[in-house]
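Reviewing the structure listed below.
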Amino acid sequence: MTGALIDFIVEESGQGLVEYAFILMLVALAVVTGLTFLGNSVQNAYQEAADSF
Numbered sequence: 007m008t009g010a011l012i013d014f015i016v017e018e019s020g021q022g023l024v025e026y027a028f029i030l031m032l033v034a035l036a037v038v039t040g041l042t043f044l045g046n047s048v049q050n051a052y053q054e055a056a057d058s059f
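Each position in the sequence shown, counted from 1, maps to that position plus 6 in my numbering.
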């Protein structure tokens, strides 16, 4: 197991690792942005429901 990890780290194809990091960064940014907008909508819906009581 550690041999495979060392081979992965030592391997020359660092470009793939950088590409995966960029993809992960973009996905994380999309999730944070989506939750920010969706969070406000959900909060407003709960507030309207609470105000109706």
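C-beta atoms are modelled at their ideal positions from N, C-alpha and C, and glycine is treated no differently.
Residue i - DSSP class collapsed to helix/strand/coil
| i | result |
| --- | --- |
| Phe43 | helix |
| Phe59 | coil |
Chain-order list of residues whose beta-carbon lies under 8 Å from that of residue i (same chain, five-residue window excluded)
| i | result |
| --- | --- |
| Leu30 | none |
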